[in-house]
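So the structure is just underneath, and the comments pick up after that.
Residue numbers (my numbering): 1122 to 1670.
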């Protein structure tokens, strides 16, 4: 008698493989693999166009790079740009990395405690975390040095090129060990816990951040020890650290005082203000000595960028909020005015900048000079004027004391600020209108029933509920001003003596015209860290002041 295998029957091995994915654990693994498969294109795009350029820029900044990679410079490009404060700059980065690593370890231990696991449980994940971290480092090194293989091999530095195959193999080994470690942790967990947290990602985070902090900290320390001006650098850094310590102490006193509920709050606030003002004055007085060996053009570009952002963002957001509030009212021709205000934003930046250049020409017949004469002032050089705007305009209207007002943005930069406000007010207005439309009308009706007027409604209803929109616009506006390039490059004039050259313009000139790729990239990395710090500060403030409905 012969037996026939039907089509519905499967070999035992196939049934075993399929049966594994039908279990609860198998389904979870299959779902995770499917999710990562769908996420892989997005992760590839984020790494290729987001993370990789930053890492490669950091690699370029460590070399003298003119068209192609030349000799190793280490941190010299940063030190030549920032001077001795560069050591503080990298010290702060090291502290930030240590903070991230300690925070990840603390959160892992907290999760272990919540799941009634032994305190040493997260430490077990360091076993698979080591090969995974090693593999990631190998892949990152291979990606960063992708365009410098020939130069590295010629210089006898092939070890720093990384190895993709070794990296992938290490990650696979680490993941396999992670599965075994997770099973061991699951056996230690109480039976009441159906799911047990995986501590592999926190372990890799701790290893990466603390390892990077150690390498960067040791590298910075050795660079300082071998510096030709070690003695004077230590003295300058001690003065700078003293000033920064005073500012930090004042800030924490202010934070502590703001949490008090008695009259002691006012006293602490006054003490903190006095301490921070004293620290700021001391820092301003010693800064010329501290930054003596730095690149003055670099700090001037940062100063221009700071003034540009400070003078632009508050006015831009304030004007656009008022316009949006007015356009939200039931007035005739709202659609027309919305289009009119949005036109400067959608128009080509080069064309609108050219129009502004003609409007603020130094000729007496320009629109700006005709307006100055009409108001009783004198014609100005506008985009060709490097002196402070307050001083120049004050003297133009007969204020003799204005000759001593040599602070703030230059008159040329003021024109650029006006251009930025004119262009982006329309965009911000449209976003504010969307935010106003998201506020429920029932809140307005309830406020009117309680007898609130228009100002009270705006202050206690509209403004707080617009805080998410305001936060979003403030973040992109600050980042946009720090990255602004097109219109500044069109409006800049050599007669302005660099008082219009924001950081991005100065970096471009150094990179493109001077062909100092490594030096320009080091300055760009510095600006990136500044922008990231500002974003983190804004995000921290938003946690306390932004109201999401």
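Beta carbons: idealized from backbone N, C-alpha and C, even for Gly.
Minimum C-alpha distance to residue i - residue among the options
i, options, result
"residue 1641", "1187, 1612 and 1271", "1187"
"residue 1587", "1559, 1490, 1525 and 1386", "1559"
"residue 1666", "1634, 1590, 1485 and 1630", "1590"
"residue 1555", "1538, 1594 and 1544", "1594"
"residue 1252", "1442, 1319, 1289 and 1223", "1289"
"residue 1358", "1407, 1329 and 1389", "1407"
"residue 1398", "1380, 1365, 1328 and 1382", "1365"
"residue 1613", "1425, 1285 and 1377", "1425"
"residue 1286", "1271, 1304, 1306 and 1255", "1255"
"residue 1269", "1450, 1562 and 1180", "1180"
"residue 1552", "1506, 1463 and 1658", "1463"
"residue 1656", "1601, 1611, 1633 and 1630", "1601"
"residue 1372", "1382, 1389 and 1381", "1389"
"residue 1536", "1495, 1468, 1578 and 1490", "1490"
"residue 1580", "1454, 1543, 1446 and 1545", "1446"
"residue 1219", "1615, 1331, 1502 and 1246", "1331"
"residue 1603", "1301, 1538 and 1631", "1538"
"residue 1550", "1377, 1649, 1167 and 1449", "1449"
"residue 1401", "1485, 1524, 1368 and 1349", "1368"
"residue 1410", "1631, 1355, 1513 and 1467", "1355"
"residue 1557", "1192, 1444 and 1229", "1444"
"residue 1469", "1231, 1562 and 1540", "1540"
"residue 1494", "1454, 1509 and 1517", "1517"
Beta carbon of residue i nearer than 8 Å to that of residue j
i, j, result
"residue 1624", "residue 1415", "no"
"residue 1202", "residue 1647", "yes"
"residue 1323", "residue 1243", "yes"
"residue 1412", "residue 1204", "yes"
"residue 1526", "residue 1515", "yes"
"residue 1511", "residue 1497", "no"
"residue 1337", "residue 1214", "yes"
"residue 1660", "residue 1471", "no"
"residue 1609", "residue 1436", "no"
"residue 1159", "residue 1245", "no"
"residue 1611", "residue 1533", "no"
"residue 1326", "residue 1249", "no"
"residue 1482", "residue 1506", "no"
"residue 1263", "residue 1282", "yes"
"residue 1182", "residue 1577", "no"
Euclidean distance between Cα positions of residue i and residue j
i, j, result
"residue 1746", "residue 1200", "Not covered by the structure: residue 1746. The range shown for the chain is 1122 to 1670."
"residue 1107", "residue 1431", "There is no way to answer for residue 1107, as the model of the chain reaches only from 1122 to 1670."
"residue 1259", "residue 1295", "14 Å"
"residue 1240", "residue 1297", "23 Å"
"residue 1605", "residue 1619", "15 Å"
"residue 1651", "residue 1391", "29 Å"
"residue 1441", "residue 1308", "59 Å"
"residue 1333", "residue 1597", "29 Å"
"residue 1662", "residue 1499", "44 Å"
"residue 1257", "residue 1293", "11 Å"
"residue 1226", "residue 1451", "55 Å"
"residue 1583", "residue 1439", "14 Å"
"residue 1177", "residue 1265", "5 Å"
"residue 1134", "residue 1144", "With a pLDDT of 49 at residue 1134, under the threshold of 50, the predicted position of this residue should be treated as unreliable, though the coordinate-derived value follows. Rounded to the nearest angstrom, the two C-alpha atoms are 16 Å apart."
"residue 1084", "residue 1639", "Because the chain spans 1122 through 1670 in this model, residue 1084 falls outside it and cannot be assessed."
"residue 1418", "residue 1627", "8 Å"
"residue 1166", "residue 1234", "37 Å"
"residue 1460", "residue 1171", "34 Å"
"residue 1467", "residue 1433", "19 Å"
"residue 1156", "residue 1164", "12 Å"
"residue 1221", "residue 1173", "21 Å"
"residue 1632", "residue 1378", "47 Å"
"residue 1224", "residue 1545", "39 Å"
Backbone secondary structure at residue i - three-state DSSP
i, result
"residue 1526", "coil"
"residue 1667", "coil"
"residue 1613", "coil"
"residue 1478", "helix"
"residue 1187", "strand"
"residue 1659", "helix"
"residue 1381", "coil"
"residue 1192", "strand"
"residue 1137", "Only weak support exists for where residue 1137 lies, its pLDDT of 48 falling under 50; the value from the coordinates is given anyway. Here residue 1137 sits in helix by DSSP."
"residue 1624", "helix"
"residue 1348", "coil"
"residue 1299", "helix"
"residue 1636", "coil"
"residue 1531", "strand"
Contact with chain C by residue i, beta-carbon distance below 8 Å
i, result
"residue 1443", "You won't find chain C in this structure, because it holds only one protein chain."
Task: Contact the segment 1564-1578 vs the segment 1477-1490: 3+ CB pairs below 8 Å - done: Here the segment 1564-1578 makes no contact with the segment 1477-1490; the two share fewer than three CB pairs at distances below 8 Å.
Task: Sufficient close CB pairs (3 or more, under 8 Å) joining the segment 1205-1212 to the segment 1341-1353 - done: yes
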